[in-house]
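Note sheet for the following structure.
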Amino acid sequence: MLLNFPAAATSEFTKPVQQAYHEIIKLRVAFGKQILQPELQKDDNNACALLVANYADFLTVLVSQNEKVYKKLRSQQEKRLDLLAALKENTPYKRYAQAEIRLQLAMCEVFFSDEVQAAWHVRSAYLLLNENQKLYPDFIPNRKSLGLLQVIIGSVPDSYQWVFNILGMRGDIKGGLANLSSAARIPNLFQTEASIYLQFAQDWMNRKDNSGPKFLSKLAADNPDNLLFTYLAMSMLKKNKNCDAALAIFQKRPTDSRYLEFPYLHHMAADMFLYKGEYVRSLHENQYFLDHYQGKHYRKDANFKLYLASILSDDPMTAQLYYSRINNTGAAVVEEDKYAQKFVENKDIINKQLVKARLHADGGYFPQALTALENFKSTSRLTQKERTELFYRKARIFQGLGKEDSAIVYYQKTIETAGNMAYYFAPNAALQLGYLAADRNDKTAARKYFKKALSYPKHEYKNSIDSKAKIGLSTL
96 MLLNFPAAAT SEFTKPVQQA YHEIIKLRVA FGKQILQPEL QKDDNNACAL
146 LVANYADFLT VLVSQNEKVY KKLRSQQEKR LDLLAALKEN TPYKRYAQAE
196 IRLQLAMCEV FFSDEVQAAW HVRSAYLLLN ENQKLYPDFI PNRKSLGLLQ
246 VIIGSVPDSY QWVFNILGMR GDIKGGLANL SSAARIPNLF QTEASIYLQF
296 AQDWMNRKDN SGPKFLSKLA ADNPDNLLFT YLAMSMLKKN KNCDAALAIF
346 QKRPTDSRYL EFPYLHHMAA DMFLYKGEYV RSLHENQYFL DHYQGKHYRK
396 DANFKLYLAS ILSDDPMTAQ LYYSRINNTG AAVVEEDKYA QKFVENKDII
446 NKQLVKARLH ADGGYFPQAL TALENFKSTS RLTQKERTEL FYRKARIFQG
496 LGKEDSAIVY YQKTIETAGN MAYYFAPNAA LQLGYLAADR NDKTAARKYF
546 KKALSYPKHE YKNSIDSKAK IGLSTL
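Laid out in structure tokens, this is it:
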């Protein structure tokens, strides 16, 4: 049970509903639905059971990213909202379930480019959670979802804030973190979810105590039968350039037929093998991903990575095959696919040593990255892009090695050399200089560099860099 509420309440997390929830978030969805079905047949007005049923559809859509599955399951989610709207009970469960289902539906809609509907569902969820918080301030699960929305809205760059103002939503990073912390600290059914959201939010804010990777690694180790936790741990470790640990978790993942098929894990593994320089394994994992994945996202990126692995394996004919597929497959919606598409449109020519340095650094293999650059022959014939990238790669490597003074020098050279080129090197250099200045408690310099990062109009990673710069400013 979450909390004790009046006896008149009809909605509750019965033991079977809780058991179904735990199976579904392991991605053993079919088994979870089997447990849940008798509860729904017994009482289809139980908001808790309806919410858990929606988790099953939501996770199925996100893991498969299959548009046909999305269209089929979307109607089921809308039916649950209709049932909840007609429900007459005086408990926090009704609004909470309505808000959660709307948020889950919005996430699915974003993946399938239905942003207008997604915005409407996010707004509705935000208003429901705020109302629930006022009526039931001791209902802890509400703080998880409200806190998450407050952080997300608060991190949106100022140039987009007017949209949220019109929709009646206000961001509050500090308040959002406080709400997430409460939901992560106080026992409740969704405590683990809140803890995960909190760790990812703090990591997004450049927290450097390694708490996120430690927490997610332990969560995966303590729950070896939970494929969702495997994915989350891999994501956190990959983002923090700890690829060996992420690959170890990947190798131990549950793989039997009780689980949803999760091809994206293979795409993540392919990236990390590429970072290590294990090109044959990277090729294998990305090919598996493309053969089994049913969505449109990450296809350009996968072909781009197959192209890189082939080029670095000295197989130019195969590389050209994958290069030709980048432009003709998938969609350029997520940032990785946008980068791959832009690479083709710009007809960029890769420099093998710079690419090796980048890949090794992205995986946290900084000594190998430095070796790649030591073998790089810098000449006056370098293009402006190559000179800029050379400085940028040196800065990233020195920062990774803890040589911050050298990193600062090369980040500044990156900005000077880049000029107005529409690449991400200068914007991210400015962001990193902001972080380094904030670490020195030089708030004036940090503020200057965060604002500079926001000032670049067009580049491949504008959304994520702008969000991080906005958060950086808010924490000064």
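Counting with this note's numbering, you get residues 96 to 571 for the letters of the sequence shown.
Idealized CB from N, CA, C, for every residue including glycine.
Check your understanding: Does the beta-carbon distance from glutamate 134 to alanine 144 come in below 8 Å?
Key -> yes
Review point. Expressed to the nearest angstrom, what Euclidean distance is found between the alpha-carbon atoms of phenylalanine 520 and phenylalanine 438?
Key: 14 Å
Exercise for review: Answer yes or no: do serine 277 and arginine 238 have a C-beta to C-beta separation smaller than 8 Å?
Suggested key: yes
Check your understanding: With distances taken between CB atoms, is the gap from glycine 266 to isoleucine 248 smaller than 8 Å?
Key -> yes
Practice item. Have a look at glutamine 193 and glutamate 184 and give me their C-alpha separation to the nearest angstrom. Key: 13 Å
Practice item. Sort Arg453, Gln129, Tyr165 and Pro187 by Cα distance to glutamate 107 and report the nearest one. Key: Pro187
Check your understanding: Ordered along the chain, which non-local residues of its own chain (more than five positions away) have a Cβ less than 6 Å from that of tyrosine 383?
Key -> His361
**Study point:** Within the region 413-462, ranges of the alpha helix (DSSP H) (whole runs, at least 4 residues)
**Key:** 430-440 and 447-457
Practice item. Please classify glutamine 297: is it buried, with 16 or more other beta-carbons within 10 angstroms of its beta-carbon, or exposed? Key: buried
Exercise for review: Could you say if the region 531-543 and the region 206-223 meet the contact criterion of at least three C-beta pairs nearer than 8 Å?
Suggested key: no
Check your understanding: the ligand GDP heavy atoms versus the CB of asparagine 227: any closer than 7 Å?
Key -> The ligand GDP is absent from the structure shown, which contains no ligand whatsoever.
Practice item. Please name the residue, chosen from Met329, Leu311, Gly425 and Asp304, that lies closest to glutamate 288 on a Cα-to-Cα basis. Key: Leu311
**Study point:** Any C-beta of chain B under 8 Å from that of phenylalanine 206
**Key:** No chain B appears in the structure shown, which is made up of a single protein chain.
Review point. Mind checking valine 246: buried by the 16 CB within 10 Å criterion, or exposed?
Key: buried
Check your understanding: Does the distance from the CB of isoleucine 566 to the CB of serine 250 come in under 8 Å?
Key -> yes
Check your understanding: Can you tell me the Cα-Cα spacing of threonine 509 and glutamate 484, whole angstroms?
Key -> 7 Å
Practice item. Check whether the region 456-473 touches the region 501-517, taking contact to mean three or more Cβ pairs, one atom from each stretch, closer than 8 Å. Key: no
Check your understanding: On the three-state DSSP scale, how would you describe glutamine 193?
Key -> helix
**Study point:** As assigned by DSSP and simplified to three states, the class of proline 232
**Key:** coil
**Study point:** Among Asn161, Glu118 and Ser159, the one whose alpha carbon lies nearest that of alanine 148
**Key:** Glu118
Practice item. In the DSSP assignment, find the unbroken alpha helix (DSSP H) run with threonine 512 in it and report its ends. Key: 499-513
Check your understanding: Which residues in the same chain as arginine 491 place their Cβ atom closer than 7 Å to its Cβ, once the five residues preceding and following it in sequence are excluded?
Key -> Ala456
Point to revise | Helix, strand or coil at leucine 581 according to DSSP, with G and I counted as helix | key: Residue 581 is absent from the model: the chain starts at 96 and stops at 571.
Point to revise | Nearest-angstrom Cα separation, counted from glutamine 172 out to asparagine 140 | key: 14 Å
Check your understanding: With 16 other CB atoms within 10 Å as the buried threshold, where does threonine 350 fall?
Key -> exposed
Check your understanding: Do you know whose CA, among Leu342, Ala341 and Gln389, lies nearest proline 358's CA?
Key -> Gln389
Review point. When we look at the beta-carbon of leucine 327 and count the other beta-carbons within 10 Å, is it buried (16 or more) or exposed?
Key: buried
Review point. For the alpha helix (DSSP H) that contains serine 170, what are its first and last residues?
Key: 162-180
**Study point:** Buried versus exposed, by CB contacts within 10 Å (16 or more), alanine 180
**Key:** exposed
**Study point:** Closest Cα partner of glutamine 294 within the set Pro319, Ala513 and Met331
**Key:** Met331
Exercise for review: Go ahead and pull the three-state DSSP assignment for lysine 565.
Suggested key: helix
Review point. What residue ranges within the region 332-389 form continuous alpha helix (DSSP H) runs of no fewer than 4 residues, ordered along the chain?
Key: 338-346, 359-371 and 374-387
Review point. Under three-state DSSP, which class holds proline 187?
Key: coil
Practice item. Might you give, ordered along the chain, the residues of its own chain that have their beta carbon closer than 8 Å to the beta carbon of histidine 392, omitting 5 neighbours on each side? Key: Gln160, Phe206, Gly425, Ala426, Val428, Val429 and Asp432
**Study point:** Minimum C-alpha distance to leucine 401 - residue among Leu378, Arg420, Phe153 and Asn423
**Key:** Leu378
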